[in-house]
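J.:
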Amino acid sequence: MSIETRTPDHKGRAPVPRCVLPTLEHHSIESALVDALNAYGVAGLSIIADGEIHRFDAPDKRRGNLSGWYVCPTHEIAVYGFWHTGEQHTVTLAGEHDPIAAEQARQAARRARQARAAQRQREQAHAAKRARRLWASASPAGRGHAYLVTKQVAPYGLRQHGSNLLVPLYAEGQLVNLQRIAPDGGKRFIFRARLKGSATIIGRLAATSRLYLCEGWATAATLHVATGCPAVAAMTANNLAAVGHALRQRLPSEVAITVAADNDRGTEGNPGITAAREIAAALRADLTWPRFPCADCACTDFNDLARCQAPREGVA
5 MSIETRTPDH KGRAPVPRCV LPTLEHHSIE SALVDALNAY GVAGLSIIAD GEIHRFDAPD
65 KRRGNLSGWY VCPTHEIAVY GFWHTGEQHT VTLAGEHDPI AAEQARQAAR RARQARAAQR
125 QREQAHAAKR ARRLWASASP AGRGHAYLVT KQVAPYGLRQ HGSNLLVPLY AEGQLVNLQR
185 IAPDGGKRFI FRARLKGSAT IIGRLAATSR LYLCEGWATA ATLHVATGCP AVAAMTANNL
245 AAVGHALRQR LPSEVAITVA ADNDRGTEGN PGITAAREIA AALRADLTWP RFPCADCACT
305 DFNDLARCQA PREGVA
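Per the numbering used here, the sequence shown starts with residue 5, numbered consecutively.
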């Protein structure tokens, strides 16, 4: 059996093929694939070599994630991978690398990617409908919600369903997702809804000369109050780049963008500032981050800074 592996490089670019020396000999592609998957902690699968794409749970994600996939285009070759990491592996019964098998593997992997994209679109469309129904059934959020009181910010158009605040996330002008915030600050998105490229905006983009791009909603609310400029919350650090590029394409070139980074000073390498610096350079945007008066607190973002400074200013 030979194995060809494709894994993303450290910068997240297209996977680079590499060949692994032959390992155990197998008499069927099913047993070869079972052994290969076992090495990744995937056990108990009954392999079906029918040329169709089959999904399974990745062991490093929660149950029901279905992020793993495999396909056996022939009875001598199998391709499997994990959509959340981008890695892809090929298993063959041939003792040496077979160019015909390699081409079959590439075609099978392409079909898997196309099927995955179509499935994701269907899932996101259904999730968006759920988000819109929930948003329509919710009431305007009150200032007394425990999360808003803790963060010391106004609702800014948020809605409330039961005890949860609802933060609307838009992409291409459509509501595609909601972030639900519990009174204790716990946050959850709509299951399988779109996140990449979606965001929420506090303030108006029309006629502005500058906007702020940040991670969390409370940070955006604080920036809007402090600057009077619109603030866009991408919700996660991984989503900043996609949202930033969409804004840069949408807005006139004279509108300045400031990336307001989280200052993860307690984490090695300060990933908040590191990622934001790269994004700001790509967008040709300005960069800022909070500097804290406290040395031993857990503050990381501009909302933390505002709440950290408030009592000090009051004492002074």
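Just so you know, even glycine gets a beta-carbon here, dropped at the ideal spot from N, CA and C.
Owing to the predicted nature of the structure, the values given are computational and were not obtained by experimental measurement.
My output table needs one value for residue 27: the three-state DSSP class, helix, strand or coil.
T.: Counted from its first residue, the sequence shown places residue 27 at position 23. Model confidence at residue 27 stands at a pLDDT of 45, short of 50, so the residue's coordinates are unreliable; what they give is reported in the following sentence. Looking at residue 27 - three-state DSSP - the assignment turns out to be coil, as it is neither helix nor strand.
J.: Mind checking which residues open and close the beta strand (DSSP E) that includes residue 91?
T.: Residue 91 sits at position 87 when you count from the first residue of the sequence shown. Its beta strand (DSSP E) spans residues 91-96.
J.: What three-state label does DSSP hand residue 308 in the structure shown?
T.: For the purposes of this step, residue 308 is identified with residue 304 of the sequence shown, where counting begins at 1. Of the three classes helix, strand and coil, the one that applies to residue 308 here is helix, per DSSP.
J.: Evaluate the contact criterion for the stretch 128-148 versus the stretch 61-70: three or more CB pairs, one atom per stretch, below 8 Å.
T.: no
J.: Between which residues of its own chain and residue 77 is the CB-CB distance below 6 Å, once the five residues before and five after are set aside?
T.: To locate residue 77, count along the sequence shown from 1; it is residue 73. Cβ within range, chain order: 55, 108, 112.
J.: Does the structure place the stretch 203-213 close enough to the stretch 226-242 that three or more beta carbon pairs sit under 8 Å?
T.: yes
J.: Check whether the Cβ atoms of residue 217 and residue 251 lie closer than 8 Å to each other.
T.: On the sequence shown, residue 217 is found 213 positions in, with the first residue counted as 1. On the sequence shown, residue 251 is found 247 positions in, with the first residue counted as 1. Against a cut-off of 8 Å, the Cβ pair of residue 251 and residue 217 comes out as a contact.
J.: Just how far apart, CA to CA, sit residue 312 and residue 57?
T.: To locate residue 312, count along the sequence shown from 1; it is residue 308. To locate residue 57, count along the sequence shown from 1; it is residue 53. Going from the Cα of residue 312 to the Cα of residue 57 covers about 53 Å.
J.: Whole angstroms are fine: how far does the CA of residue 75 sit from the CA of residue 300?
T.: Counting from one through the sequence shown, the residue named residue 300 turns up at place 296. Counting from one through the sequence shown, the residue named residue 75 turns up at place 71. Approximately 52 Å between the Cα atoms of the pair.
J.: Between which residues of its own chain and residue 97 is the CB-CB distance below 7 Å, once the five residues before and five after are set aside?
T.: Mapped onto the sequence shown, residue 97 falls at position 93. Correct list, in chain order: 5, 30, 33, 36, 80.
J.: What separation, rounded to the nearest whole angstrom, lies between the Cα atoms of residue 185 and residue 302?
T.: For the purposes of this step, residue 185 is taken as the residue at position 181 of the sequence shown. For the purposes of this step, residue 302 is taken as the residue at position 298 of the sequence shown. Spanning the two alpha carbons is a distance of roughly 20 Å.
J.: Using CA atoms only, rank isn't needed, just tell me which of 64, 127, 187, 265 is closest to residue 243.
T.: Indexing the sequence shown from 1 puts residue 243 at position 239. Selected option, being the one with the closest Cα: 265.
J.: With distances taken from CA atoms, which of 157, 136, 201 is nearest residue 182?
T.: Here the question's residue 182 lines up with position 178 in the sequence shown. Selected option, being the one with the closest Cα: 136.
J.: Tell me whether residue 87 sits in a helix, a strand or coil according to DSSP, three-state version.
T.: Within the sequence shown, residue 87 is the residue found at index 83, counting from 1. Of the three classes helix, strand and coil, the one that applies to residue 87 here is coil, per DSSP.
J.: Helix or strand or just coil, what does DSSP make of residue 52?
T.: For the purposes of this step, residue 52 is identified with residue 48 of the sequence shown, where counting begins at 1. The answer is coil: DSSP assigns residue 52 none of H, G, I, E or B.
J.: I need the DSSP call for residue 300, collapsed to helix, strand or coil.
T.: Here residue 300 refers to the residue found at position 296 of the sequence shown. Residue state, collapsed to three classes: coil.
J.: List the whole-angstrom C-beta distance separating residue 209 from residue 165, where the pair is believed to meet the contact cut-off of C-beta under 8 Å.
T.: Taking the sequence shown and counting its residues from 1, one reaches residue 209 at position 205. Taking the sequence shown and counting its residues from 1, one reaches residue 165 at position 161. In fact, because the Cβ distance is near 27 Å, the residues do not count as touching under 8 Å.
J.: Three-state secondary structure (DSSP) at residue 183?
T.: In the sequence shown, residue 183 corresponds to position 179, counting from 1. Strand at residue 183.
J.: Compute the Euclidean distance between the alpha carbons of residue 90 and residue 124, then round it to the nearest angstrom.
T.: To locate residue 90, count along the sequence shown from 1; it is residue 86. To locate residue 124, count along the sequence shown from 1; it is residue 120. Whole-angstrom Cα-Cα distance: 15 Å.
J.: Do residue 202 and the ligand ADP come close, with the Cβ less than 7 Å from some heavy atom?
T.: Inclusion of the ligand ADP in the displayed structure is not the case, the ligand content being empty and no account of it being possible.
J.: Here's the rule: buried if 16 or more other CB atoms are within 10 angstroms of the residue's CB, otherwise exposed. What is residue 163?
T.: If you number the sequence shown from 1, residue 163 lands on position 159. Buried is the call here.
J.: Taking DSSP as the reference, what is the three-state secondary structure of residue 338?
T.: Not covered by the structure: residue 338. The range shown for the chain is 5 to 320.
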